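All remarks here apply to the structure that follows.
2 protein chains.
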Amino acid sequence: MAHLTVSVEYGIHCLLWLVGSGDTPLSSRDLAELQGISVSFVAKIFPKLEKAGIVSACEGVRGGYRLARPPEEISFLQIVDAIEGKKPLFDCQEIRSRCAVFGETAPDWATSGVCGIHKIMLKAENAMREELSTHSLASLSASFSRKAPESFFIEVHEWTTERTGSRKPGRRAKTPEPPA
Amino acid sequence: MAHLTVSVEYGIHCLLWLVGSGDTPLSSRDLAELQGISVSFVAKIFPKLEKAGIVSACEGVRGGYRLARPPEEISFLQIVDAIEGKKPLFDCQEIRSRCAVFGETAPDWATSGVCGIHKIMLKAENAMREELSTHSLASLSASFSRKAPESFFIEVHEWTTERTGSRKPGRRAKTPEPPA
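Line by line, the protein sequences are chains A and B. Take the first sequence: its letters are residues 587 to 766, numbered as in the working numbering. Take the second sequence: its letters are residues 587 to 766, numbered as in the working numbering.
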C-alpha cells in the first residue's frame, strides 16, 4: 500500500473545487458526485480538514464547505497531515537494544540518542515533507486553470448551479473554477 | 502503518553486522539470534538482498551471507528498494477522468500527462529517495564504530566465533565490527 492513501487524493481534488467556489459552500455530496467518487468516503475526509482549519463548515440547506483561508496559505503538507495524521515514514522498533551480548539490560551507549538508522530515515522523511510544504493549493489551481478550456468551467458552473439551486430555489452559486 | 516496514529495519541492522564480518559468512539464524529478532523474518529478507546483488550466499555448514560489494557502494535507497520493492509514496487513482460533466469519456486535455497532484507527490517521493541515496552502509557503520566501546566488538567477536566454531570445530570467524 502506498504511504499516502486515496483519502489524500480525494481530499486535494475536493479542495481544488473549493478554490473556485469561493464563498459558495459545496457539500461533500456535491463534491463527491461532481467527481464520480464515493460520497461516504468524502464525507469522512472533511471533518479532518475542518479540524485542521483548512475548511469551514456552514450548516443548513445551503450548507457545505468553504476554504477557511486563502489557497496560497494551504500547503500540500498541511493537507496530508490533516488527512493522514503525522504518519511516520519509518517506525523504529529499537532493535539495537536487544543484542544477545547485552544480557538483560542494554548499556546506555547502545540506546542513548536516536538510532543511526532511524536518524537517516528521519532525514528522508523531512526531505519529503519539505517538498510537500513548498506546494500550495493556489499553485496547483493556477496550473490546472492553464490546462482546462473555458468551456469546462462553464459546464461545471452550470452543474453546481443546478445542484445548489435545487437545494434552495432562487439561489445562484458563484462560478466554480479549478478542480484537479 | 509506516511506509518503510520493520523488514527494512531488520535488513539494515543485519547488513551492518556483515560489514564487520568481512569474508566470514554469517547465517540469517546467527544474525537474527545475535540481535534478538525473529529468525524466520530475517530468513525472508536475505533472498531479496541477494537478488539485488547486495549480499552473496555461501552454501554448506560454514555457509551464510557476506556483502557482495563494498559497503561504500551500498546505499540506503538500494537496501530499501531491494526489501520493499519500488513502493510508491502515492498511488494515483486518476479520479480527474471521472468528472460528472465529462459524460462517458473524459476529454484528452483532462487526462493527458501526469495529474498535477500526482506530479507533486512524485517530487516529494524523489526528494525522499534522493536523501536515502546519499547514505551508505559504510557511513552508518563508521558512525556506529565511533559510538561503541572496543569491549563490545570483542564480546560480539566471541559470540560469533563460538557460533561459527560450533558449526565446524577449529574454524575461527573474523572479528565482527559495527552493528547498528
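Note that the Cβ used here is the ideal one computed from N, Cα and C, for glycine as well. Computed from a predicted model, the values in this text were never measured in an experiment.
According to DSSP, is Thr666/A part of a helix, a strand, or is it coil?
Reading the first sequence from its first residue, position 80 is the one you call residue 666/A. Inspection of the sequence shows that residue 666/A is occupied by Val rather than by Thr. Helix at Val666/A.
Residue interval of the beta strand (DSSP E) (run including Arg682/A):
As a first step, residue 682/A is located in the first sequence; it is residue number 96 there, counting from the start. Neither: Arg682/A is in no beta strand (DSSP E) and is coded neither H nor E.
Please confirm if Asp677/B has its CB atom under 8 Å from at least one CB of chain A.
Working through the second sequence from its first residue, we reach residue 677/B at position 91. At least one chain A Cβ lies under 8 Å of Asp677/B.
Three-state secondary structure (DSSP) at Val647/B?
Within the second sequence, numbered from 1, the residue matching residue 647/B stands at position 61. Coil, per DSSP.
Can you look up Leu675/A in the DSSP assignment and give me helix, strand or coil?
In the first sequence, counting from the first residue as 1, residue 675/A sits at position 89. Coil, per DSSP.
What separation, rounded to the nearest whole angstrom, lies between the Cα atoms of Ser593/A and Ala588/B?
Residue 593/A sits at position 7 when you count from the first residue of the first sequence. Residue 588/B sits at position 2 when you count from the first residue of the second sequence. Whole-angstrom Cα-Cα distance: 16 Å.
Residues in the same chain with beta-carbon distance under 8 Å from Leu635/A, minus the five sequence neighbours each way, listed in chain order, please.
Here residue 635/A is taken as the residue at index 49 of the first sequence, counted from 1. So the list reads Gly597, Leu601, Val641, Tyr651, Ile665, Ala668 and Ile669, once near-sequence residues are dropped.
Using the beta-carbon count (16 or more within 10 Å), is Gly695/B buried or exposed?
Looking up residue 695/B in the second sequence gives position 109. Per the sequence presented here, residue 695/B reads as Trp, with Gly not at that position. With fewer than 16 other CB atoms across the displayed protein chains lying within 10 angstroms of its CB, Trp695/B is exposed.
Inspect the beta-carbon positions of Ala654/B and Gly639/B and report whether they are closer than 8 Å.
Here residue 654/B refers to the residue found at position 68 when the second sequence is read from its first residue. Here residue 639/B refers to the residue found at position 53 when the second sequence is read from its first residue. Closer than 8 Å, so yes.
Once DSSP output is grouped into helix, strand and coil, what is the label at Arg732/B?
Indexing the second sequence from 1 puts residue 732/B at position 146. Correct three-state label for Arg732/B: helix.
What residues match up with Val641/A in a beta bridge as DSSP calls it?
Taking the first residue of the first sequence as 1, we reach residue 641/A at position 55. Paired residues: Leu653/A.
Are the beta-carbon atoms belonging to Pro657/B and Val742/B less than 8 Å from one another?
In the second sequence, counting from the first residue as 1, residue 657/B sits at position 71. In the second sequence, counting from the first residue as 1, residue 742/B sits at position 156. No; because the gap between Cβ atoms is not below 8 Å, this pair is not in contact.
Could one say the Cβ of Lys733/B lies closer than 8 Å to chain A's Cβ atoms, at least one of them?
For the purposes of this step, residue 733/B is identified with residue 147 of the second sequence, where counting begins at 1. Lys733/B counts as touching chain A.
Would you list the residues sitting across from Leu612/B in a DSSP beta bridge?
On the second sequence, position 26 is the one that residue 612/B refers to. Leu612/B pairs with Tyr651/B.
Going by other Cβ atoms of all chains shown within 10 Å of its Cβ, with 16 needed for buried, is Asp616/B buried or exposed?
Taking the second sequence and counting its residues from 1, one reaches residue 616/B at position 30. With 16 or more other Cβ atoms within 10 Å, it is buried.
Which residue wins for smallest C-alpha separation from Lys709/A, given the options Ala734/B, Leu663/B and Gly646/B?
The residue labelled residue 709/A in the question sits at position 123 within the first sequence. The residue with the shortest Cα to Cα distance from Lys709/A is Leu663/B.
With distances taken from CA atoms, which of Met707/B, Lys733/B, Gly608/B and Ala686/B is nearest Thr697/A?
The residue labelled residue 697/A in the question sits at position 111 within the first sequence. Closest by alpha carbon: Lys733/B.
Proximal residues of chain A, C-beta to C-beta of Gly671/B below 9 Å:
If you number the second sequence from 1, residue 671/B lands on position 85. Ordered by position in chain A, no residue passes the 9 Å Cβ test against Gly671/B, which lies about 12 Å from the chain.
For the structure I just gave you, are there three or more beta carbon pairs, one from the stretch 706-726 of chain B and one from the stretch 670-687 of chain B, closer than 8 Å?
yes
At what residues does the alpha helix (DSSP H) containing Cys802/A begin and finish?
This structure gives no information on residue 802/A, because the portion of chain A shown stretches from 587 to 766.
Rounded straight-line distance, which links the Cα of Phe627/B to that of Gly608/A
Residue numbering aside, residue 608/A sits at position 22 when the first sequence is read from its first letter. Residue numbering aside, residue 627/B sits at position 41 when the second sequence is read from its first letter. Answer to the nearest angstrom: the Cα atoms are 53 Å apart.
Which first and last residues belong to the alpha helix (DSSP H) in which His704/B is found?
In the second sequence, residue 704/B corresponds to position 118, counting from 1. That run of the alpha helix (DSSP H) goes Gly702 to Ser719.
Compare the C-beta of Ser613/A against all C-beta atoms of chain B and say whether one is closer than 8 Å.
The residue labelled residue 613/A in the question sits at position 27 within the first sequence. Taking 8 Å as the threshold, the shortest C-beta distance from Ser613/A to chain B does not fall below it.
Which chain B residues sit within Cβ distance under 7 Å of Ser729/A?
For this step, residue 729/A is matched to residue 143 along the first sequence. Within chain B, the residues near Ser729/A are Gly702.
Could you tell me which residues DSSP pairs with Ser725/B in its beta bridges?
Counting from 1 along the second sequence, the entry for residue 725/B is found at position 139. None; Ser725/B has no bridge partner.
Quick one: grab the DSSP three-state call for Ser661/A.
Along the first sequence, one-based indexing puts residue 661/A at 75. Ser661/A falls in the strand class under three-state DSSP.
Flag Tyr651/B as yes if its beta-carbon sits less than 8 Å from any beta-carbon of chain A, otherwise no.
Position 65 of the second sequence holds residue 651/B. It does not; no Cβ of chain A falls within 8 Å.
How many Å lie between Ser719/A and Glu659/A at the Cα?
Within the first sequence, the letter at position 133 stands for residue 719/A. Within the first sequence, the letter at position 73 stands for residue 659/A. So the two alpha carbons sit approximately 10 Å from each other.
What residues of chain B sit near Gln621/A, judged by a beta carbon separation below 9 Å?
Position 35 of the first sequence holds residue 621/A. Going along chain B in sequence order, the residues near Gln621/A (Cβ under 9 Å) are Ile681, Arg682, Arg684, Cys685 and Ala686.
CA-CA distance, Pro735/A and Phe632/A?
Along the first sequence, read from residue 1 onward, the residue named residue 735/A stands at position 149. Along the first sequence, read from residue 1 onward, the residue named residue 632/A stands at position 46. The C-alpha of Phe632/A is placed about 29 Å away from the C-alpha of Pro735/A.
Count the other C-beta atoms from every protein chain shown that fall within 10 angstroms of the C-beta of Ile681/B, then say buried if there are 16 or more, exposed otherwise.
In the second sequence, residue 681/B corresponds to position 95, counting from 1. By the beta-carbon neighbour count (other beta carbons within 10 angstroms, threshold 16), Ile681/B is buried.
Determine whether the beta carbon atoms of Gly702/B and Leu726/A lie at a separation below 8 Å.
To locate residue 702/B, count along the second sequence from 1; it is residue 116. To locate residue 726/A, count along the first sequence from 1; it is residue 140. Their beta carbons are under 8 Å apart, which means Gly702/B touches Leu726/A by this criterion.
Alpha carbon to alpha carbon, what distance is there between His599/A and Ala724/A?
Along the first sequence, one-based indexing puts residue 724/A at 138. Along the first sequence, one-based indexing puts residue 599/A at 13. The straight-line gap from Cα to Cα measures roughly 12 Å.
Using a Cβ-Cβ cut-off of 8 Å, state whether Glu645/A counts as contacting chain B.
Here residue 645/A refers to the residue found at position 59 when the first sequence is read from its first residue. It does not; no Cβ of chain B falls within 8 Å.
Apart from the five residues on each side of it in sequence, which residues of its chain come closer than 8 Å, Cβ to Cβ, to Val687/B?
Position 101 of the second sequence holds residue 687/B. There are no such residues.
Thr746/B burial status per 10 Å Cβ neighbour count (16 or more: buried)
In the second sequence, the residue the question calls residue 746/B occupies position 160. Classification for Thr746/B: buried.
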